[in-house]
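Here the sequence shown is numbered in our numbering, starting from 21 and rising by one per residue.
What follows is a single structure, written as structure tokens, with notes after it.
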Amino acid sequence: MSSLTDMIERAILELIERHDGYCEIARNAFAAEMKVAPSQITYVISTRFGHEHGYIVESRRGGSGYIRIMRVPYTDHSEYIMHLLRTMGDYLTQHDVNILIDSLQYENLISRKIANLMRTSLSDRSLALISGRDRHETRSLIFKNMLLYIASLGDEED
21 MSSLTDMIER AILELIERHD GYCEIARNAF AAEMKVAPSQ ITYVISTRFG
71 HEHGYIVESR RGGSGYIRIM RVPYTDHSEY IMHLLRTMGD YLTQHDVNIL
121 IDSLQYENLI SRKIANLMRT SLSDRSLALI SGRDRHETRS LIFKNMLLYI
171 ASLGDEED
């Protein structure tokens, strides 16, 4: 069963997709439509739609306020990968890495098969012998090395 945050994220992603990489929402109205608290909308946007995930978020407070989310358009694949490497922390949860893999797939940098291989390799199950924070740091190191390799391939991914 999907979590509430996953449901909110999916709804926002659908809006972004429907409007060619851009959406503008009124937080309170969107929260009412989703039947959640406005703070839950804020949480999802701040944790899943930041620049490290390939989005620019702008907001305006007040009665006619809005939250605008735009997918960052990258013209060059290696530019996008280098952006990910620069902004990525040294600590990645399985959920974090899955979001990043989804963005690589969306940008057509990797195929579905490669995405699934990466998800499996970087899963909590695959890293089960490593505990706690070390697991997340190891996942980050492995993922960064995968990204560097993908960047070195250029357009010949498969």
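From the three backbone atoms N, C-alpha and C, an ideal C-beta is built for every residue, glycine too.
- Annotated three-state conformation of residue 98 is helix, per DSSP.
- As summarised for the region 34-85, the continuous alpha helix (DSSP H) elements at least 4 residues long and confined to that stretch are 47-54 and 58-68, given in chain order.
- Counting C-beta atoms within 10 angstroms of its own C-beta, residue 30 has fewer than 16 neighbours from the protein chains shown and is therefore classed as exposed.
- Beta-bridge partners of residue 88 (DSSP): 44 and 78.
- Within the region 90-171, the complete alpha helix (DSSP H) segments at least 4 residues long are 97-107, 114-126 and 132-141, listed from N- to C-terminus.
- In its chain, beyond the 5 residues on either side, 110 and 111 have a beta carbon closer than 7 Å to the beta carbon of residue 157.
- Distance between residue 86 and residue 102, taken at the CA atoms: about 30 Å.
- By the neighbour-count criterion, in which 16 or more other beta carbons inside 10 Å mark a residue as buried, residue 116 falls on the buried side.
- Distances from the alpha-carbon of residue 80 to those of 45, 90, 142 and 135 put 45 closest.
- CA-CA distance, residue 171 to residue 69, rounds to 23 Å.
- Between the C-alpha atoms of residue 155 and residue 49 there is a straight-line separation of about 39 Å.
- Here the alpha carbons of residue 91 and residue 47 stand approximately 18 Å from one another.
- CA-CA distance, residue 98 to residue 148, rounds to 31 Å.
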